[in-house]
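Take a look at the structure set out below.
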Amino acid sequence: QMKGAIFDLDGVIVDTAKYHFLAWRSLAEELGFEFTEEHNERLKGVSRMTSLDILLEIGSLEFTEAEKLEMADRKNRLYVEYISQLDQSELLPGVKEYLNRLRERGVGIALGSASKNAQFILDKLNIAGMFDAVIDGNKVSRAKPDPEVFQTACHELGLQPRECVVFEDAEAGVAAGKAAGMQVVGIGRPEVLREADLVITGLHEL
Ligand code: G6P
Ligand code: MG
43 QMKGAIFDLD GVIVDTAKYH FLAWRSLAEE LGFEFTEEHN ERLKGVSRMT
93 SLDILLEIGS LEFTEAEKLE MADRKNRLYV EYISQLDQSE LLPGVKEYLN
143 RLRERGVGIA LGSASKNAQF ILDKLNIAGM FDAVIDGNKV SRAKPDPEVF
193 QTACHELGLQ PRECVVFEDA EAGVAAGKAA GMQVVGIGRP EVLREADLVI
243 TGLHEL
């Protein structure tokens, strides 16, 4: 019996993954190496600074902490430029309907995202009011696959882990949900989301 639904944001509610990808790829280009969609899989769900570390590992480059902060900031400015154009039309198929259905059934709804831009995005999409709790990258210190973000969301909903279902598109996010002791619905490809209890292509399938 699902009493709480905890949604990842990027790739589950809205396809911001493509904007993250474009912004990271442009940074990689500046640094002189190629960054592919395949590489990008590894960045999904992980925090901004960890994403940068993975990117630099792919390019076999090393930088000082200060240089890295500047690069992450540069990437974010580009990303924010992309997402400032977001509107309701970019909600993924079935999201609005599914959230409405959950609300009617009295299921608690939370956001569990690593993004520090989550609130900005929810506002752009005009769906902030549908969430009983919003846990984002500003509220947690340990990134997925650590379960902290989902544990915090579950706690804010006033529920137990076994009463919550996590919706995730990233490998690290699925792992975080399982580590939190929750059921996990994977959104995407079964080959990538092996640990999920169920894999679907999008919320429109439910
Ligand atoms: C999400 C995305 C990641 C992104 C992370 C941090 O989990 O899937 O690709 O790196 O959030 O996002 P931010 O908006 O804070 O840079
Ligand atoms: Mg995601």
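Note that this note's numbering has the sequence shown beginning at 43, numbered continuously upward. Note that CB positions come from ideal geometry on N, CA and C, so glycine has one too. Please read these numbers as outputs of a predicted model, since none were measured by experiment.
With DSSP run on the structure shown, which of helix, strand or coil describes residue i?
i, result
"alanine 185", "coil"
"valine 207", "strand"
"isoleucine 55", "coil"
"leucine 240", "strand"
"valine 191", "helix"
"leucine 201", "coil"
"glycine 230", "coil"
"leucine 133", "strand"
"alanine 217", "helix"
Using C-beta distances below 7 Å, list every residue in its chain close to residue i, excluding the 5 sequence neighbours before and after it, in chain order.
i, result
"asparagine 118", "Arg90"
"arginine 116", "Leu69"
"valine 149", "Met44, Lys45, Gly46, Ala47"
"leucine 144", "Ala47, Ile151"
"tyrosine 121", "Tyr61, His62, Ala65"
"leucine 73", "Gly101, Leu103"
"alanine 114", "Arg90, Met91, Leu94"
"alanine 59", "Asp52, Gly53, Lys86"
"phenylalanine 77", "Trp66, Arg67, Ala70, Leu97, Ile100"
"valine 216", "Glu210, Val226, Gly228, Leu235, Glu237, Ala238"
"threonine 194", "Ile177, Lys181, Val182"
Among the residues of its own chain, which have a CB less than 6 Å from the CB of residue i, if the five just before and after it don't count?
i, result
"glycine 230", "Asp211"
"isoleucine 100", "His81"
"proline 203", "Cys196, Ala222, Gly223, Met224"
"proline 135", "Gly244, His246"
"phenylalanine 75", "Gly101"
Please check the pair residue i and residue j, which I expect to be a contact at CB under 8 Å, by giving their CB distance rounded to whole angstroms.
i, j, result
"serine 157", "leucine 235", "Not quite, the Cβ-Cβ distance comes to about 19 Å (not below 8 Å), so this is no contact."
"lysine 181", "alanine 214", "Going by Cβ atoms, the distance from lysine 181 to alanine 214 rounds to 17 Å, so no, they are not a contact pair."
"leucine 199", "aspartate 178", "So it is not a contact: roughly 15 Å between Cβ atoms."
"valine 54", "phenylalanine 209", "5 Å"
"alanine 221", "glycine 228", "In fact, because the Cβ distance is near 15 Å, the residues do not count as touching under 8 Å."
"tyrosine 140", "leucine 240", "So it is not a contact: roughly 14 Å between Cβ atoms."
"alanine 218", "aspartate 188", "6 Å"
"isoleucine 125", "isoleucine 169", "Contact flag wrong, Cβ pair sits at about 14 Å."
Taking 8 Å as the limit between beta carbons, can you name the residues of its chain near residue i, skipping five residues before and five after?
i, result
"leucine 167", "Ile55, Val56, Leu128, Asp129, Gln130, Glu132, Leu133"
Measuring only from the beta carbon, is residue i closer than 7 Å to any heavy atom that is part of ligand 4?
i, result
"alanine 70", "With respect to ligand 4, the structure shown offers nothing to examine, as its ligands consist of ligand 1 and ligand 2."
Just list the alpha helix (DSSP H) runs in the segment 144-177, keeping only unbroken ones of 4 residues or longer that don't cross its boundaries, in chain order.
160-167
Please output, in chain order, the residues near ligand 2 using a CB cut-off of less than 6 Å to any non-hydrogen atom of the ligand.
Asp50, Asp52, Gly53, Val54, Lys86, Gly87, Asp211, Ala212, Gly215
Contiguous beta strand (DSSP E) assignments of at least 3 residues, all confined to the segment 58-118
Contiguous beta strand (DSSP E) elements confined to the segment 58-118 do not occur, taking only those with 3 or more residues.
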